[in-house]
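All remarks here apply to the structure that follows.
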Amino acid sequence: MIKELAKNKEGAKERCLKAYEEAKKLQDKLNHVITFIDPSEQCEEIKEGKMAGVPIALKDNVNTKGIKTTAASQILSNYVPIYDAHIATKLKDAGAVCIAKTSMDELAMGGTNLTSFIGPAYNPWDTRRMTGGSSGGSAAIVASGTVPMAIGSDTGDSVRKPASFCGVVGVKPTYGRISRYGIIPYASSLDHVGYFTRSVEDAALTLEVLAGRDDRDMTSSYREVEAYSELLNGDLKGKRIAILKNVTDALHEEETRKIFFDLMKKMEEKGAIVEEVSLDENLMKAILPTYYLIANCEATSNHSNLDGLRFGYREEGSDMQEIMTNTRTKGFGPLIRRRFVIGSYGLFEENQERLFRKGQKVRRLIVEEVKSCLEKYDAIVAPASGSIAPLIDAQKDQDELSDEYLITENYMALANFSGYPSMTVPMGFIDGCPIGINITCGAFEEVKMFNIAEGIEEITGYKDLKAEVK
Ligand code: GLN
Numbered sequence: 070m071i072k073e074l075a076k077n078k079e080g081a082k083e084r085c086l087k088a089y090e091e092a093k094k095l096q097d098k099l100n101h102v103i104t105f106i107d108p109s110e111q112c113e114e115i116k117e118g119k120m121a122g123v124p125i126a127l128k129d130n131v132n133t134k135g136i137k138t139t140a141a142s143q144i145l146s147n148y149v150p151i152y153d154a155h156i157a158t159k160l161k162d163a164g165a166v167c168i169a170k171t172s173m174d175e176l177a178m179g180g181t182n183l184t185s186f187i188g189p190a191y192n193p194w195d196t197r198r199m200t201g202g203s204s205g206g207s208a209a210i211v212a213s214g215t216v217p218m219a220i221g222s223d224t225g226d227s228v229r230k231p232a233s234f235c236g237v238v239g240v241k242p243t244y245g246r247i248s249r250y251g252i253i254p255y256a257s258s259l260d261h262v263g264y265f266t267r268s269v270e271d272a273a274l275t276l277e278v279l280a281g282r283d284d285r286d287m288t289s290s291y292r293e294v295e296a297y298s299e300l301l302n303g304d305l306k307g308k309r310i311a312i313l314k315n316v317t318d319a320l321h322e323e324e325t326r327k328i329f330f331d332l333m334k335k336m337e338e339k340g341a342i343v344e345e346v347s348l349d350e351n352l353m354k355a356i357l358p359t360y361y362l363i364a365n366c367e368a369t370s371n372h373s374n375l376d377g378l379r380f381g382y383r384e385e386g387s388d389m390q391e392i393m394t395n396t397r398t399k400g401f402g403p404l405i406r407r408r409f410v411i412g413s414y415g416l417f418e419e420n421q422e423r424l425f426r427k428g429q430k431v432r433r434l435i436v437e438e439v440k441s442c443l444e445k446y447d448a449i450v451a452p453a454s455g456s457i458a459p460l461i462d463a464q465k466d467q468d469e470l471s472d473e474y475l476i477t478e479n480y481m482a483l484a485n486f487s488g489y490p491s492m493t494v495p496m497g498f499i500d501g502c503p504i505g506i507n508i509t510c511g512a513f514e515e516v517k518m519f520n521i522a523e524g525i526e527e528i529t530g531y532k533d534l535k536a537e538v539k
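The sequence shown begins at 70 in this note's numbering and counts up by one.
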């Protein structure tokens, strides 16, 4: 799709304006955009490249020069960056035209897209349901067919979960594959740039545009960027696939199980060697608490600059201390404030060893489990969510201590702990709403991952799905 669009550069202006109007029209129903960008000006100087004249959207934690970037937080509600994120420049250089900055969970913390300061984003397949988060607005704008690609970010599963709920392809490449320079951080050791498309081919092509070394992100890799889209063959023959049994065991929804295991059978028919593998159950249950500890500590430290003094929104006060306290109290939503309490507690000098550093040790044990599994298998797979997108009203009934929540709904942070590439593609529908499968491979094995994903796409036929928004 992106390839065909980029070939027709003459139609670019019309196409981008149409996407812009379409996004605006859907906003009433989806509430998926924070800032719309009229593409007329950008269309005057479209560069030659792999995305020439292709309309795209950026999550609102990607800094864009001269364009408001809020990370969906009141505290950044008036923040206008003076520079572009590395990927914003890369996309421009490839000819892409940005039409919207999409909604997200506040500061990318959350999995629902219900915590944005503009209110919830709604799922294009059923607007009573959530999009998932934190990159929900980007998932929705791709799922509704407005743009073929939108950028997200993934610290725990924030691209791969909304991809499952919105019926699109969601990719989180290897840590270091895409520069994070200019992305408003969440937790630096876990943060990845990710993105959404409606086909595996578009996903492969997008990585060619985004990946590559950037001196301004010290974690960025020197490895050569492969020709991912040319190396696609969808071949499942001989691929060794490990089903993550801890996830399927904790899964309650019968229909999800059926869709998933039917797909596994079909993969076997195509020559894949599919086996069930159990990783240490205690470690699997430790993923979420370990994640919360590390992520919240890092976030607390990263966001100490949001104080109302240097930039962004400011509340009044009689001295510096009071300005900071008032600004941070009013500027952050309740979830963020709770997370900062956990993060600060974990970072207290007297707690650092037994909390933050212990968390790092547990993380290492978890990564060792995943690593040894991927020495025997090409990929680890499991449903990307236990069910279709929950109804927004049902969110408060979630039992966050059940195995199903601890493991099935949160295991995808494995790929953030390890930095391994991981992606979600649609695998089926329940009650008219999509659900995805997650695939994780070893470090820098994006080519292999895309090929397995394409093999699955060929089996399901779920390519270029578009939700009809009602
Ligand atoms: N749901 C996770 C959280 O609440 C993941 C967020 C993310 O990946 N940005 O932090």
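Just so it is clear, CB atoms sit at the ideal spot from N, CA and C, and this is done for glycine as well.
Every value quoted in this text rests on a predicted model; they were computed, and no experiment measured them.
| Asked | Found |
| --- | --- |
| Mind pulling the beta strand (DSSP E) runs of 3 or more residues that sit fully within the region 275 to 335? | 309 to 313 |
| Along the chain, where does the alpha helix (DSSP H) containing residue 525 start, and where does it finish? | 515 to 529 |
| Could you tell me whether any non-hydrogen atom of the ligand GLN is closer than 7 angstroms to the CB of residue 480? | no |
| Can at least three beta-carbon pairs, one atom from the region 343 to 356 and one from the region 364 to 371, be found at a separation below 8 angstroms? | no |
| What are the start and end residues of the alpha helix (DSSP H) that includes residue 435? | 427 to 445 |
| Any heavy atom of the ligand GLN closer than 7 angstroms to the beta-carbon of residue 496? | no |
| Should residue 199 be listed as close to the ligand GLN, given that the test is whether its C-beta is under 7 angstroms from any heavy atom? | no |
| Do you know offhand how far residue 239's Cα is from residue 427's? | 31 angstroms |
| Please report the straight-line C-alpha distance between residue 506 and residue 267, rounded to a whole angstrom. | 14 angstroms |
| Short check: CB of residue 280 to CB of residue 242, under 8 angstroms? | yes |
| Does the beta-carbon of residue 302 have 16 or more other beta-carbons within 10 angstroms, so that it is buried, or is it exposed? | exposed |
| By DSSP, does residue 484 sit in helix, in strand, or in coil? | helix |
| Whose C-alpha, out of 294, 486, 170, 536, is nearest the C-alpha of residue 131? | 170 |
| Is it buried or exposed for residue 178, if we count other Cβ within 10 angstroms and need 16 for buried? | buried |
| When DSSP builds the beta bridges, which residues end up paired with residue 79? | DSSP output for residue 79 lists no bridge partner at all. |
| How big is the Cα-Cα spacing for residue 359 and residue 319? | 19 angstroms |
| Which one of 434, 168, 293, 400 has the shortest CA to CA distance from residue 350? | 434 |
| Between which two residues does the alpha helix (DSSP H) containing residue 414 stretch? | 403 to 416 |
| What does residue 542 pair with, by DSSP beta-bridge criteria? | Outside the displayed range of the chain (70 to 539) lies residue 542, so it cannot be described from this structure. |
| Exposed or buried, what is residue 398 when buried is set at 16 or more other beta-carbons lying within 10 Å of its beta-carbon? | exposed |
| Below 8 angstroms CB to CB, which residues in the same chain sit around residue 518 once its five sequence neighbours on both sides are set aside? | 448, 490, 491, 492, 508, 509, 510 |
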